[in-house]
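For the sequence shown, UniProt numbering assigns the number 469 to the last residue and increments by one with no breaks.
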Amino acid sequence: MRALSTGEVSTALRPFYFTVHPDLFGQYPTQRTVNENSLKQLSSILETLQQKQPIRPTILPFYLRSKDEKDVKAGKFTLVKIQLKEKDLRQAILSILKTCDLPTTFVDKIEEPKPSVTKHKSRFWQRAYSGERIDFSELEEDPIYASIIMKRKVNAEPDTLKAYLDKHINEVHVKLEACRPVRDEVEKLEKVLCSVLGLKDIIWDCGWNITHYRGCLLAFQALAEHHPESMEVLRNRTLVFANDTGISLEGNVMLNSGEVRHNWLDLIKNVKKHDAVLLKLPAFEKAVSQVLLDIKVGRRKFMPKVMVGQYEQQLRQLTTTLSDYRGKRKYPSSWPANLSTYEIVIEAEAGPLMLSPTGQFIVPSSCPSFLLVNFITENLEEATKRLYHYNNIKHVERELHRKTIKELGLAALNKDDSITPDLMIQCCERLLLHKKDLAPSLEGVMLWVTHYYSVMSDGVLCVPWDWRF
Numbered sequence: 001m002r003a004l005s006t007g008e009v010s011t012a013l014r015p016f017y018f019t020v021h022p023d024l025f026g027q028y029p030t031q032r033t034v035n036e037n038s039l040k041q042l043s044s045i046l047e048t049l050q051q052k053q054p055i056r057p058t059i060l061p062f063y064l065r066s067k068d069e070k071d072v073k074a075g076k077f078t079l080v081k082i083q084l085k086e087k088d089l090r091q092a093i094l095s096i097l098k099t100c101d102l103p104t105t106f107v108d109k110i111e112e113p114k115p116s117v118t119k120h121k122s123r124f125w126q127r128a129y130s131g132e133r134i135d136f137s138e139l140e141e142d143p144i145y146a147s148i149i150m151k152r153k154v155n156a157e158p159d160t161l162k163a164y165l166d167k168h169i170n171e172v173h174v175k176l177e178a179c180r181p182v183r184d185e186v187e188k189l190e191k192v193l194c195s196v197l198g199l200k201d202i203i204w205d206c207g208w209n210i211t212h213y214r215g216c217l218l219a220f221q222a223l224a225e226h227h228p229e230s231m232e233v234l235r236n237r238t239l240v241f242a243n244d245t246g247i248s249l250e251g252n253v254m255l256n257s258g259e260v261r262h263n264w265l266d267l268i269k270n271v272k273k274h275d276a277v278l279l280k281l282p283a284f285e286k287a288v289s290q291v292l293l294d295i296k297v298g299r300r301k302f303m304p305k306v307m308v309g310q311y312e313q314q315l316r317q318l319t320t321t322l323s324d325y326r327g328k329r330k331y332p333s334s335w336p337a338n339l340s341t342y343e344i345v346i347e348a349e350a351g352p353l354m355l356s357p358t359g360q361f362i363v364p365s366s367c368p369s370f371l372l373v374n375f376i377t378e379n380l381e382e383a384t385k386r387l388y389h390y391n392n393i394k395h396v397e398r399e400l401h402r403k404t405i406k407e408l409g410l411a412a413l414n415k416d417d418s419i420t421p422d423l424m425i426q427c428c429e430r431l432l433l434h435k436k437d438l439a440p441s442l443e444g445v446m447l448w449v450t451h452y453y454s455v456m457s458d459g460v461l462c463v464p465w466d467w468r469f
């Protein structure tokens, strides 16, 4: 059996994390510390199990946040002790969820094949059960393993969107309704903080659900009340709770939702230093543009988050590389005299050199100049096609997005970063095609287009973009 992927482990344990995350215990240092320490140990244990290595039997204490707000305000929490002695990652995850009385729906859907009881076991399975480390790529050609994969595909549940809705739509509405008080509180906290601090907006750009967002807002509100003078610098700015701390290229104040409040305060006190770097960026971007025949220096909507200081170094690095190239030779004669109709995006120092679905050249700042020049030469024609196509379809996607929300009565419609405009258009067109059948179930639902089916703990319904009716 294949190992559970990191994504599957994360999805399976998401309800658990939302119940024990230290940020939910900001006013209770004892509970927060216990959960922080236990989470660190748990992370190490899961990593060991994912590598199919044995673990020592361990007991990890966790405080669970109550679903009853009265108990939370009264400081009443449930202490559980999770016993981990399993040799299998899947069983360990089930043990965690069951101990905390949390749903195991996601894990249950990942079928666990039963080992063959015949005398002629595959040599691969004999090695697996004897504890020997094996190369899982070998199993692709093993008849037992191949049949398990085929069986899983055939029996995968659900097979269609209608079947999934029939089975899970009540769960969606129950969870949405259960989270309504939290959403109302979040909306209220956002308005209060924007009003008091003069913020333009507050954005939640994190993988955690809305309960964790509320925890972050409450923690930030407490920080602002204790340090009002430091908050003046936030006036007319956008505050973003994300996975990094710093000032983004748009000038937004980014706070890591997993960090302690002291780190947030350190950043806020140094915002002006970051602003000084931010003011220099247009000049550095212009330098890249000039050395590369006036190409536009752009940014991807879903590009990895980068802070201003880091981006300045990346721009400097690429400018130097290209300047050295031009000092020794000319650009290819096949290039147009001007590249202003094209767009380049400079990203992390190390990464893939690629052409985005929207026609942008995605370039790591450490890319050697000759590789970049060759890549642009080979992809100019394809970049032109993709840019033209994207400029035509982006308006179609926006209109279909608006129409889908309206005609199906959705509360919200979002998508993963990996869902391109083409894929989203296909998904929306099919939703509208079957709106008479789907609208009664989906009215008031928060829909998230991705690559799999799931009901999140806060009631968000995930569906694959290529769902079948």
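Heads up, the beta-carbon is just placed ideally off N, CA and C, and yes, glycines get one too.
The structure presented is a predicted model; accordingly, all values stated were derived computationally and were not measured.
**Message:** As a quick exercise: from Asn270, Ile344 and Leu279, pick the residue whose alpha carbon is nearest that of Ala298.
**Reply:** Reading off the sequence shown, one finds Gly at residue 298, where the question assumed Ala. Of Asn270, Ile344 and Leu279, the residue nearest in Cα terms is Ile344.
**Item:** Residue of Leu461, Lys436, Ala439 and Pro440 minimising C-alpha distance to Leu447
**Value:** By alpha-carbon distance to Leu447, the top candidate from Leu461, Lys436, Ala439 and Pro440 is Leu461.
**Request:** Please report the residue range of the alpha helix (DSSP H) in which Ala439 lies.
**Result:** Unbroken alpha helix (DSSP H) run through Ala439: Lys435 to Leu442.
**Message:** I'd like to know if Leu267 contacts chain C, where contact means its C-beta is closer than 8 Å to some C-beta of that chain.
**Reply:** In summary, chain C is missing from the structure at hand, where a single protein chain is found.
**Identity of the residues DSSP links to Asp201 by a beta bridge** = The partner list for Asp201 (beta bridge, DSSP) reads Thr238.
**Prompt:** With a Cβ-Cβ cutoff of 8 Å, do Phe241 and Cys206 count as a contact?
**Reply:** A contact, by the Cβ cut-off of 8 Å.
**Prompt:** Going straight from the alpha carbon of Glu399 to that of Lys200, what length do you get?
**Reply:** Here the alpha carbons of Lys200 and Glu399 stand approximately 26 Å from one another.
**Message:** I need the DSSP call for His257, collapsed to helix, strand or coil.
**Reply:** Strictly speaking, residue 257 in this sequence is Ser, with His absent from that position. If DSSP states are grouped into helix, strand and coil, Ser257 belongs with coil.
**Prompt:** In its own chain, which residues sit with a C-beta less than 7 Å from the C-beta of Ser454, not counting the 5 before and 5 after it?
**Reply:** Shown here for Ser454: same chain residues with a beta carbon closer than 7 Å to its own, the five before and five after excluded, namely Thr11, Phe106 and Cys462 in chain order.
**Item:** For Tyr452, the nearest candidate out of Asp71, Leu293, Ile419 and Leu49 (CA to CA)
**Value:** Ranked by Cα distance from Tyr452, the first of Asp71, Leu293, Ile419 and Leu49 is Ile419.
**Host beta strand (DSSP E) of Lys87 (start-end)** = Element bounds for Lys87: n/a, residue is neither H nor E.
**Asked** Mind checking whether Thr58 and Gln41 have CB atoms under 8 Å apart?
**Response** The Cβ-Cβ distance between Thr58 and Gln41 falls below 8 Å.
**Asked** Under three-state DSSP, which class holds Ala287?
**Response** The three-state secondary structure of Ala287, taken from DSSP, is helix.
**Request:** Note the first and the last residue of the continuous beta strand (DSSP E) segment covering Phe361.
**Result:** Note, Phe361: beta strand (DSSP E), Phe361 to Pro364.
**Request:** Name the two residues that bound the continuous alpha helix (DSSP H) containing Thr48.
**Result:** It spans Pro29 to Gln50 - the alpha helix (DSSP H) in which Thr48 sits, taken as one unbroken run.
**Request:** May I ask you to verify whether the stretch 211-227 touches the stretch 169-189, counting CB pairs closer than 8 Å and requiring at least 3?
**Result:** The stretch 211-227 vs the stretch 169-189: in contact.
**Request:** Hey, could you find the ends of the beta strand (DSSP E) Ser63 is sitting in?
**Result:** According to the sequence displayed, residue 63 carries Tyr and not Ser. From DSSP, the beta strand (DSSP E) with Tyr63 extends over Thr58 to Leu64.
**Message:** Nearer than 7 Å: is that true of the beta carbon of Tyr17 relative to any heavy atom of the ligand NAP?
**Reply:** With respect to small molecules bound, the structure shown includes none, and the ligand NAP cannot be examined in it.
**Item:** Per DSSP, cross-strand counterpart(s) of Thr78
**Value:** Its beta-bridge partners are Leu64.
**Asked** Can you give the Cα-Cα distance for Tyr17 and Asn209, rounded to whole angstroms?
**Response** Each residue's Cα considered, the two are about 10 Å apart.
**Message:** Relative to the C-alpha of Val308, which candidate in Leu46, Lys272 and Thr19 has its C-alpha closest?
**Reply:** The residue with the shortest Cα to Cα distance from Val308 is Lys272.
**Straight-line Cα distance separating Met231 from Gly258** = Cα atoms of Gly258 and Met231: separation of roughly 20 Å, rounded to the nearest angstrom.
**Request:** Name the one or two DSSP bridge partners that Asn392 has.
**Result:** Bridge pairing for Asn392: absent [DSSP].
**Prompt:** Pick from Asp417, Leu94, Leu249 and Ser369: whose alpha carbon is nearest that of Ile110?
**Reply:** Of the candidates Asp417, Leu94, Leu249 and Ser369, the one whose C-alpha sits nearest the C-alpha of Ile110 is Leu94.
**Prompt:** Residue ranges of each alpha helix (DSSP H) run of no fewer than 4 residues wholly in the stretch 155-201, ordered along the chain?
**Reply:** Listed in chain order, they are 161-178 and 180-197.
**Prompt:** Relative to the C-alpha of Gly359, which residue among Asn338, Pro421 and Leu255 is closest?
**Reply:** Considering only alpha carbons, the answer is Pro421.
**Asked** Is the beta carbon of Lys175 sitting closer than 8 Å to the one on Ser457?
**Response** The answer is yes: Cβ separation under 8 Å.
**Message:** Which residue marks the beginning of the alpha helix (DSSP H) containing Lys109, and which one marks its end?
**Reply:** It spans Thr105 to Lys109 - the alpha helix (DSSP H) in which Lys109 sits, taken as one unbroken run.
**Request:** Determine, using beta carbons only, whether Asn243 and Asn256 come nearer to each other than 8 Å.
**Result:** Against a cut-off of 8 Å, the Cβ pair of Asn256 and Asn243 comes out as a contact.
**Message:** Using the three-state DSSP reduction, which class does Val463 fall into: helix, strand or coil?
**Reply:** Of the three classes helix, strand and coil, the one that applies to Val463 here is strand, per DSSP.
**Item:** Contacting residues, own chain, Cβ-Cβ under 6 Å from Phe370 (five flanking each side not counted)
**Value:** If we look at Phe370 and ignore the five residues flanking it on each side, it has no Cβ neighbours.
**Ile210 - DSSP class collapsed to helix/strand/coil** = Residue state, collapsed to three classes: helix.
**Asked** Does the stretch 352-367 come within contact of the stretch 400-410, defined as at least 3 CB pairs closer than 8 Å?
**Response** Counting Cβ pairs under 8 Å, fewer than three are found: no touch.
**Prompt:** Contact between the stretch 63-83 and the stretch 45-55: three or more CB pairs below 8 Å?
**Reply:** No contact exists between the stretch 63-83 and the stretch 45-55.
**Prompt:** Using DSSP with H/G/I as helix, E/B as strand and the rest coil, what is Met446?
**Reply:** When DSSP states are grouped into helix, strand and coil, Met446 belongs to the strand group.
**Asked** With a cut-off of 8 Å, do at least 3 Cβ pairs link the stretch 275-286 to the stretch 331-338?
**Response** Flag = no, the stretch 275-286 and the stretch 331-338 do not touch.
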